[in-house]
Amino acid sequence: MKRRVHFVGIGGIGLSALAKYLKQEGYEITGSDIKATKITAGLEELGIPVRIPHDADCINEQDLVVYSAVIKPDNVELVRAREKGIAIMPRREALLFILKDRRVFSVCGAHGKSTTSAMLASLIEGSLVIGAESKQYGTNMYYKEGNNVIFEADESDESFLNSNPYVAVVPNAEPEHMEYYNYDLNRFYGAYRHFLQSAKIRVINAEDEFLSTLTELEATRLYPSKDIKNIQTLMHEGEPYTSFELKDLGRFEVWGIGAHMALNASLAILAALHEMDVESARTKLKFYKGIKKRFDIIAKEENFALIDDYGHHPTEIKATLNSAKIYANLMGFKKVTAIWQPHKYSRTIDNLQSFVSCFEGVDELVILPVWKAGEKEVFIDFEAEFARYKPLFAPRIYRKNDSIEVCPNEANQRVFDEGLVISFGAGDITYQLRGVI
Numbered sequence: 001m002k003r004r005v006h007f008v009g010i011g012g013i014g015l016s017a018l019a020k021y022l023k024q025e026g027y028e029i030t031g032s033d034i035k036a037t038k039i040t041a042g043l044e045e046l047g048i049p050v051r052i053p054h055d056a057d058c059i060n061e062q063d064l065v066v067y068s069a070v071i072k073p074d075n076v077e078l079v080r081a082r083e084k085g086i087a088i089m090p091r092r093e094a095l096l097f098i099l100k101d102r103r104v105f106s107v108c109g110a111h112g113k114s115t116t117s118a119m120l121a122s123l124i125e126g127s128l129v130i131g132a133e134s135k136q137y138g139t140n141m142y143y144k145e146g147n148n149v150i151f152e153a154d155e156s157d158e159s160f161l162n163s164n165p166y167v168a169v170v171p172n173a174e175p176e177h178m179e180y181y182n183y184d185l186n187r188f189y190g191a192y193r194h195f196l197q198s199a200k201i202r203v204i205n206a207e208d209e210f211l212s213t214l215t216e217l218e219a220t221r222l223y224p225s226k227d228i229k230n231i232q233t234l235m236h237e238g239e240p241y242t243s244f245e246l247k248d249l250g251r252f253e254v255w256g257i258g259a260h261m262a263l264n265a266s267l268a269i270l271a272a273l274h275e276m277d278v279e280s281a282r283t284k285l286k287f288y289k290g291i292k293k294r295f296d297i298i299a300k301e302e303n304f305a306l307i308d309d310y311g312h313h314p315t316e317i318k319a320t321l322n323s324a325k326i327y328a329n330l331m332g333f334k335k336v337t338a339i340w341q342p343h344k345y346s347r348t349i350d351n352l353q354s355f356v357s358c359f360e361g362v363d364e365l366v367i368l369p370v371w372k373a374g375e376k377e378v379f380i381d382f383e384a385e386f387a388r389y390k391p392l393f394a395p396r397i398y399r400k401n402d403s404i405e406v407c408p409n410e411a412n413q414r415v416f417d418e419g420l421v422i423s424f425g426a427g428d429i430t431y432q433l434r435g436v437i
């Protein structure tokens, strides 16, 4: 008899991947969310019924109810499940039973974990479960028979500690989501230490400020400044690639631009070499085609290109902007415009001066309202803090064919249809940019 699992908040990019994975494993899956989206429509196409909005009546004879981190305890479905005596657990606890018998290649870090996970999935035979859409597979969950699972682990709520890592890959351990850790660095770094200690094999960026201190741990260490050499940017049939030399292993090529892409790829390669020979890794890495919303080139004309990027931390934005400038130069564009939708008041305040400096070198900056992500509004004087850029403030943007229209107010309108325009944010800016809303 099939086990029945219901997911509350199934429309989230991470929870939907877990639902798809269990569906492939033979479970009977149902779900619910607050509104219909492309993700919920895709789940329906896979035979997973999704109730919109949340409804207590969709809780009946399930064996387990799993809920996302944004779901409140008084959600009507959780209340009904308790009344019926059905087991309920948050996503982080559900990982313990979903991944317990698997050989998990668990990738974690403040930046680059989705990219590194997807690269690793290009190299290693196994299922892919990530919080982004792999362009190679066209989904956030690719199922492969067998015990291997390439998993993007989440440090935001310490759920990476439940990912059962066989191999732990960490590109960086920069402090992030500190509100969850009560701004306690010892607790934050302690979680990373515990994550790495629980793995049989560890692959780390040994030049990260914290990871460099873990000298007592046996690990495969990457020293980017010494181990990655002769980075070059290439164009193949209009697509950008990064070519680089890694240690004494020769030259590799990977889709994308920038030193951070070479770093992520190097970690994926070093992890994969525990499973395969170097020539196989060199060949398979070329199958990686990027992930949606990470330097995602969604429009490209002779004089204009539009890029959507999920970056919402200053370190990510700075690295991606460097890549954007290289790409603009290759394409012959003379102007780079950044459109930024700040994500969460807490993150913006915690990193305000880093956000101010990360946009250095842009020709024009457009700032949208903060995407609250459930937080209470806090005043931030963006006009004063970002005065050096003379930014354009607007309530939203509009996609008009192959251009972006910005309306700061009814009397003014700006159209961006030349050069490179790149957006940053983890809110709804991606849908504005793509003309969905």
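Numbered according to the UniProt record's numbering, the sequence shown spans residues 1 to 437. Heads up, the beta-carbon is just placed ideally off N, CA and C, and yes, glycines get one too. Model, not experiment: these values are computed from the prediction.
(request) Would you decide whether E377 is buried or exposed? Buried here means 16 or more other CB atoms lie within 10 Å of its CB. (result) Its Cβ having fewer than 16 others within 10 Å, E377 is exposed.
(message) Would V272 and G419 qualify as a contact pair, given that the criterion is a beta-carbon distance under 9 Å?
(response) The sequence given here places Ala at residue 272; Val does not occur at that position. It is not a contact, given that the beta carbons lie outside the stated cut-off.
(request) Go ahead and label P240 buried or exposed: buried means 16 or more other beta carbons lie within 10 angstroms of its beta carbon, across all protein chains shown. (result) The residue is buried, with at least 16 neighbouring Cβ atoms inside 10 Å.
(message) Restricting to runs no shorter than 4 residues, where is the alpha helix (DSSP H) found entirely within the segment 300-348?
(response) For the segment 300-348, whole alpha helix (DSSP H) runs of length 4 or above, ordered along the chain, are 314-331.
(message) Since D350 and S423 should fall inside the 8 Å C-beta cutoff, what is the C-beta to C-beta distance between them, to a whole number of angstroms?
(response) Here D350 is actually not in contact with S423; their C-beta atoms are around 22 Å apart, not less than 8 Å.
(request) For A36, count neighbouring C-beta atoms within 10 Å of its own C-beta (all shown protein chains included) and say buried if the count is 16 or more, exposed if not. (result) The residue is exposed, with fewer than 16 neighbouring Cβ atoms inside 10 Å.
(message) Cutting at 6 Å between CB atoms, please list the residues of its own chain near W371, excluding the five before and the five after it.
(response) Excluding sequence neighbours, W371 sits near Q341, H343, G427.
(message) Assuming contact is defined by CB atoms lying nearer than 9 Å, are Y192 and L211 in contact in what I supplied?
(response) Closer than 9 Å, so yes.
(request) Quick one: give me the first and last residue of the alpha helix (DSSP H) that M119 is part of. (result) 113-123 is the extent of the alpha helix (DSSP H) around M119.
(request) Please state whether DSSP places P90 in a helix, a strand or coil. (result) Looking at P90 - three-state DSSP - the assignment turns out to be strand.
(message) Is the beta carbon of L18 closer than 9 Å to that of L95?
(response) Against a cut-off of 9 Å, the Cβ pair of L18 and L95 comes out as a contact.
(request) State the Cα-Cα distance for the pair Q232 and F244, rounded to the nearest angstrom. (result) Whole-angstrom Cα-Cα distance: 6 Å.
(request) Say whether the segment 173-189 touches the segment 135-150, bearing in mind that this needs 3 or more beta-carbon pairs closer than 8 Å, one atom from each stretch. (result) Touching, no, given that fewer than three Cβ pairs across the two stretches are closer than 8 Å.
(message) Only counting the same chain, and skipping five residues up and downstream in sequence, which positions put a Cβ closer than 7 Å to that of D208?
(response) Cβ neighbours of D208 beyond the five flanking positions: N172, A173.
(request) Measure from the alpha carbon of L205 to the alpha carbon of each residue in A110, G290, L123, then state which is nearest. (result) The identity of residue 205 in the sequence shown is Asn, whereas the question assumes Leu. When only C-alpha atoms are compared, the closest one is A110.
(message) Once the 5 residues before and after R80 are set aside, which same chain residues still bring their CB inside 7 Å of it?
(response) Only A56, I59 meet the Cβ criterion.
(request) Specify the secondary structure class of R193 as computed by DSSP and reduced to three states. (result) Three-state result, R193: helix.
(request) Assign S225 to one of two classes, buried (16 or more other C-beta atoms within 10 Å of its C-beta) or exposed (fewer than that). (result) Here S225 is exposed. Its C-beta has fewer than 16 other C-beta atoms within 10 Å.
(request) Using the DSSP secondary-structure output, state which residues sit across from Q232 in a beta bridge. (result) S243.
(message) Using C-beta distances below 7 Å, list every residue in its chain close to S156, excluding the 5 sequence neighbours before and after it, in chain order.
(response) If we look at S156 and ignore the five residues flanking it on each side, its Cβ neighbours are H177, Y180.
(request) Ignore the nearest five residues each way along the sequence and tell me which others in E275's own chain have a CB closer than 6 Å to its CB. (result) These residues qualify, in order along the chain: I124.
(request) Identify, in the order they occur along the chain, each residue of the same chain with its Cβ nearer than 7 Å to the Cβ of K400, setting aside the five sequence neighbours on each side. (result) Counting only Cβ-Cβ distances below 7 Å, and skipping sequence neighbours, we find nothing.
(message) Quick check on this structure: which residue in S159, I326, N303 has the alpha carbon closest to the alpha carbon of F416?
(response) Between F416 and the set S159, I326, N303, the nearest pair of CA atoms involves N303.
(request) Provide the residue span of the beta strand (DSSP E) that contains R399, from first to last. (result) Start and end: 397-399.
(request) Answer yes or no: do I339 and V366 have a C-beta to C-beta separation smaller than 9 Å? (result) Between I339 and V366, the gap from beta carbon to beta carbon is short of 9 Å.
(request) Measure the CB-CB distance between K200 and V167 and report whether it falls below 9 Å. (result) With contacts defined as CB atoms closer than 9 Å, K200 and V167 qualify as a contacting pair.
(message) Can you tell me whether T283 is buried or exposed? The criterion is at least 16 other CB atoms within 10 Å of its CB, across all chains shown.
(response) Around the beta carbon of T283, a 10 Å sphere encloses fewer than 16 other beta carbons of the protein chains shown; the residue is thus reported as exposed.
(request) Measuring alpha carbon to alpha carbon, tell me which of A153, E77, E133 ends up nearest C108. (result) If we check each option's Cα against that of C108, A153 comes out closest.
(request) Indicate the three-state DSSP secondary structure (helix, strand or coil) for D277 in the structure shown. (result) In the three-state reduction of the DSSP assignment, D277 falls in the coil class, being assigned neither a helical nor a strand state.
(request) Compare the beta carbon distance of A118 and Y288 with 9 Å and say whether it is the shorter of the two. (result) Yes, the Cβ-Cβ distance between A118 and Y288 is below 9 Å.
(request) Could you name each continuous beta strand (DSSP E) segment of 3 residues or more that falls completely within the segment 362-423, going from the start of the chain to the end? (result) If only uninterrupted beta strand (DSSP E) runs of at least 3 residues are considered, those enclosed by the segment 362-423 are 364-367, 397-399, 404-409, 412-416.
(request) May I ask you to report which of helix, strand or coil DSSP gives V70? (result) Here V70 sits in coil by DSSP.
(request) Look at A268 and T430 and say whether their C-beta atoms are less than 9 Å apart. (result) Not in contact: A268 and T430 (Cβ atoms no closer than 9 Å).
(request) Could you say which of G238, N148, T320 lies nearest to G425 if we only look at CA atoms? (result) With distances taken between Cα atoms, G425 lies closest to T320.
(message) Considering Cα atoms alone, identify which of I404, N186, P53 is closest to V76.
(response) Of the listed residues, the one whose Cα sits closest to V76 is P53.
(message) Give me the DSSP bridge partner(s) of Y137.
(response) Under DSSP, Y137 forms no beta bridge with any residue.
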